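S.K.:
What follows is the structure, given as C-alpha coordinates:
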(Lines of atoms letter the chains of each structure in order from A and count residues from 1; the text may use other names and numbers.)
(Lines give C-alpha, C1' and ligand atoms only; values in the text may rest on other atoms or scores of the structure.)
Protein backbone atom coordinates (compact mmCIF):
# COMPACT_ATOMS: atom_id res chain seq x y z
CA UNK A 1 0.00 0.00 0.00
CA UNK A 2 1.17 3.53 -0.69
CA UNK A 3 0.38 6.50 1.53
CA UNK A 4 1.24 10.15 1.12
CA UNK A 5 4.04 11.07 3.51
CA UNK A 6 3.31 14.39 5.29
CA UNK A 7 6.86 15.51 4.42
CA UNK A 8 6.29 14.82 0.71
CA UNK A 9 6.62 11.71 -1.42
CA UNK A 10 5.01 8.32 -1.14
CA UNK A 11 5.72 5.90 1.69
CA UNK A 12 5.29 2.14 1.16
CA UNK A 13 3.64 0.03 3.88
CA UNK A 14 2.91 -3.67 4.19
CA UNK A 15 -0.66 -4.93 4.68
CA UNK A 16 -0.16 -4.90 8.47
CA UNK A 17 1.15 -1.32 8.54
CA UNK A 18 4.93 -1.92 8.66
CA UNK A 19 7.05 0.59 6.79
CA UNK A 20 8.81 -0.97 3.78
CA UNK A 21 12.34 0.06 2.85
CA UNK A 22 13.71 -0.29 -0.65
CA UNK A 23 17.36 -1.19 -0.93
CA UNK A 24 19.00 0.88 -3.64
CA UNK A 25 22.48 -0.66 -3.83
CA UNK A 26 23.84 -4.20 -3.84
CA UNK A 27 25.27 -5.90 -0.80
CA UNK A 28 28.83 -7.20 -0.97
CA UNK A 29 28.68 -10.64 -2.61
CA UNK A 30 25.13 -10.24 -3.92
CA UNK A 31 24.48 -11.76 -7.35
CA UNK A 32 21.39 -10.17 -8.90
CA UNK A 33 21.51 -12.37 -11.99
CA UNK A 34 21.20 -15.57 -9.92
CA UNK A 35 19.12 -13.88 -7.19
CA UNK A 36 21.29 -15.09 -4.30
CA UNK A 37 24.25 -14.23 -2.12
CA UNK A 38 27.52 -15.60 -3.44
CA UNK A 39 29.46 -17.40 -0.72
CA UNK A 40 32.80 -18.88 -1.66
CA UNK A 41 34.89 -21.18 0.48
CA UNK A 42 38.36 -20.07 -0.44
CA UNK A 43 41.60 -19.41 1.33
CA UNK A 44 45.33 -19.90 1.33
CA UNK A 45 46.83 -23.29 0.59
CA UNK A 46 49.73 -25.47 1.69
CA UNK A 47 50.68 -28.76 0.05
CA UNK A 48 52.36 -31.44 2.13
CA UNK A 49 53.68 -34.91 1.36
CA UNK A 50 55.36 -35.31 4.76
CA UNK A 51 54.79 -34.10 8.32
CA UNK A 52 55.06 -30.32 8.64
CA UNK A 53 53.63 -26.93 9.49
CA UNK A 54 50.57 -25.81 7.55
CA UNK A 55 50.20 -22.30 9.00
CA UNK A 56 51.94 -20.29 11.71
CA UNK A 57 49.61 -18.29 13.93
CA UNK A 58 45.86 -18.52 14.50
CA UNK A 59 43.40 -19.28 11.72
CA UNK A 60 40.62 -21.52 10.45
CA UNK A 61 41.01 -24.72 8.47
CA UNK A 62 38.38 -25.04 5.72
CA UNK A 63 39.37 -28.53 4.63
CA UNK A 64 41.91 -30.47 2.64
CA UNK A 65 42.24 -32.09 -0.77
CA UNK A 66 43.92 -35.47 -1.00
CA UNK A 67 45.50 -35.95 -4.43
CA UNK A 68 46.79 -39.45 -3.70
CA UNK A 69 47.16 -41.81 -0.79
CA UNK A 70 48.41 -45.30 -0.06
CA UNK A 71 47.05 -45.90 3.45
CA UNK A 72 48.23 -42.41 4.45
CA UNK A 73 47.00 -40.77 7.66
CA UNK A 74 46.77 -37.23 9.01
CA UNK A 75 46.70 -36.00 12.60
CA UNK A 76 46.10 -32.26 13.08
CA UNK A 77 47.52 -30.18 15.94
CA UNK A 78 46.88 -26.66 17.24
CA UNK A 79 50.59 -26.15 17.70
CA UNK A 80 53.80 -25.51 15.76
CA UNK A 81 54.78 -29.18 16.22
CA UNK A 82 53.08 -32.51 16.80
CA UNK A 83 52.42 -31.72 20.46
CA UNK A 84 49.13 -31.18 22.30
CA UNK A 85 46.53 -29.92 21.80
CA UNK A 86 45.32 -32.20 19.04
CA UNK A 87 42.58 -30.92 16.73
CA UNK A 88 41.82 -34.40 15.39
CA UNK A 89 42.44 -38.03 16.00
CA UNK A 90 44.11 -40.07 13.30
CA UNK A 91 42.30 -39.43 9.99
CA UNK A 92 42.54 -41.91 7.12
CA UNK A 93 41.27 -39.68 4.31
CA UNK A 94 39.85 -40.67 0.96
CA UNK A 95 41.14 -39.16 -2.27
CA UNK A 96 39.25 -35.94 -3.05
CA UNK A 97 37.91 -32.99 -1.07
CA UNK A 98 37.51 -33.44 2.69
CA UNK A 99 35.68 -30.60 4.43
CA UNK A 100 37.06 -30.14 7.95
CA UNK A 101 36.15 -26.74 9.44
CA UNK A 102 38.27 -26.19 12.55
CA UNK A 103 39.68 -23.11 14.25
CA UNK A 104 43.21 -23.12 15.67
CA UNK A 105 44.63 -20.60 18.14
CA UNK A 106 48.40 -21.19 17.96
CA UNK A 107 49.26 -22.74 14.58
CA UNK A 108 48.22 -25.62 12.33
CA UNK A 109 50.54 -28.60 12.12
CA UNK A 110 49.89 -31.87 10.26
CA UNK A 111 51.54 -35.16 11.17
CA UNK A 112 51.43 -37.40 8.11
CA UNK A 113 51.83 -41.12 8.57
CA UNK A 114 51.28 -44.33 6.68
CA UNK A 115 52.84 -45.25 3.37
CA UNK A 116 52.18 -42.16 1.24
CA UNK A 117 49.92 -39.09 1.20
CA UNK A 118 49.80 -36.00 -1.03
CA UNK A 119 47.49 -33.43 0.59
CA UNK A 120 46.73 -29.73 0.12
CA UNK A 121 45.24 -27.84 3.07
CA UNK A 122 42.95 -24.83 2.52
CA UNK A 123 42.86 -22.35 5.41
CA UNK A 124 42.24 -18.71 6.32
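In the working numbering, the protein residues as written are 157 to 280. Even glycine gets a Cβ: it sits at the ideal position worked out from N, Cα and C. Computed from a predicted model, the values in this text were never measured in an experiment.
#1: Could you tell me whether any Cβ in chain D is nearer than 8 angstroms to the Cβ of residue 202?
#2: Whose CA, out of 214, 189 and 206, lies closest to the CA of residue 275?
#3: Please classify residue 223 as buried or exposed, where buried requires at least 16 neighbouring CB atoms within 10 angstroms.
#4: Could you tell me the distance, in whole angstroms, from the CA atom of residue 240 to the CA atom of residue 273?
#5: Quick one: what does DSSP say residue 257 is sitting in, helix, strand or coil?
#6: Looking at the unbroken beta strand (DSSP E) that takes in residue 231, where does it start and where does it end?
#7: Among all the DSSP beta bridges, which residues are the ones paired with residue 276?
M.R.: Working from what's here:
#1: This model lacks chain D altogether, as it is built from one protein chain only.
#2: Locating residue 275 in the chain shown gives position 119, where the first residue counts as 1. Residue 275 has its Cα closest to that of 206, out of 214, 189 and 206.
#3: What you label residue 223 is simply residue 67 of the chain shown in a count that begins at 1. Note on residue 223: under 16 other CB atoms within 10 angstroms of its CB, so exposed under the neighbour-count rule.
#4: As a working mapping, residue 240 is identified with position 84 in the chain shown. As a working mapping, residue 273 is identified with position 117 in the chain shown. When rounded, the distance between both Cα atoms is 23 angstroms.
#5: On the chain shown, position 101 is the one that residue 257 refers to. Shown here, residue 257 sits in a strand according to DSSP, grouped into three states.
#6: Stepping through the chain shown from its first residue, residue 231 is reached at position 75. For residue 231, the enclosing beta strand (DSSP E) stretches over residues 229-233.
#7: The residue you call residue 276 lines up with position 120 of the chain shown. Paired residues: 203 and 221.
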